[in-house]
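Novice: Residue numbers (my numbering): 79 to 252. A virtual CB, placed ideally from N, CA and C, is assigned to each residue, including glycine. Sharing a structure with you now.
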């Protein structure tokens, strides 16, 4: 795949689409995909990550390497269909039975704990063969502005509880 020209800064959404397409491609090495799935944000990444990063990540990825390791590992875990713009993070977590306690720990976590818990959520969703809007997950790690970050947390929680309410309502009707 061609690397984008430095003056053409892609949107974060287009980066996520590109990552999902690459990780889902039959042409992508199964060995590299397996190495990416095994990555942990608290450990040095394998050579496969650097190879992947040079082709698919934004130009400044190295300044947030642990975050991009987490994003890449999470998407690799959920391949072949990791990303769906229509499936908001909080909604999918509720749909698949992610506990409120786990969601609370995830939303209040910082630093490496935040990354590790996001990867655990990705593993949980991968075990359920779910896709999720990885833009939500990426912003969850990359947002630095405290207000925007809190707005995202609020939206994830709202989506989660709205979905739980809908599920309870459906069960009551059945």
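Anyone know if the C-beta pair for residue 144 and residue 126 falls short of 9 Å?
Specialist: As a first step, residue 144 must be located in the chain shown, where it is residue number 66. As a first step, residue 126 must be located in the chain shown, where it is residue number 48. Their beta carbons are not under 9 Å apart, which means residue 144 does not touch residue 126 by this criterion.
Novice: For residue 236, tell me which candidate among 110, 103 and 181 has the shortest Cα-Cα distance.
Specialist: Translated into positions along the chain shown, residue 236 becomes position 158. Answer by Cα proximity: 181.
Novice: Can you tell me whether DSSP reads residue 133 as helix, strand or coil?
Specialist: By 1-based counting over the chain shown, the position of residue 133 is 55. If DSSP states are grouped into helix, strand and coil, residue 133 belongs with the helices.
Novice: Helix, strand or coil, according to DSSP, for residue 80 in the structure here?
Specialist: Position 2 of the chain shown, counting from 1, holds the residue named residue 80. Per-residue confidence for residue 80 stands at a pLDDT of 41, beneath the threshold of 50, marking its modelled position as unreliable; the derived number appears in the next sentence. Of the three classes helix, strand and coil, the one that applies to residue 80 here is coil, per DSSP.
Novice: Please determine if the stretch 229-243 and the stretch 194-208 are in contact, where contact requires at least 3 C-beta pairs separated by less than 8 Å.
Specialist: The stretch 229-243 vs the stretch 194-208: no contact.
Novice: In angstroms, rounded to a whole number, what distance separates the CA positions of residue 24 and residue 188?
Specialist: Because the chain is modelled from 79 through 252, residue 24 falls outside the range shown and cannot be assessed.
Novice: Can you tell which of 165, 162 and 118 has the C-alpha that lies nearest to the C-alpha of residue 147?
Specialist: For the purposes of this step, residue 147 is identified with residue 69 of the chain shown, where counting begins at 1. Here the closest residue by C-alpha is 118.
Novice: How about the stretch 183-202 and the stretch 217-229: do they share at least three Cβ pairs that are nearer than 8 Å?
Specialist: Yes, the stretch 183-202 is in contact with the stretch 217-229.
Novice: Quick check on residue 156: buried or exposed, where buried means 16 or more other Cβ atoms within 10 Å of its Cβ?
Specialist: For the purposes of this step, residue 156 is taken as the residue at position 78 of the chain shown. By the 10 Å Cβ count, residue 156 comes out buried.
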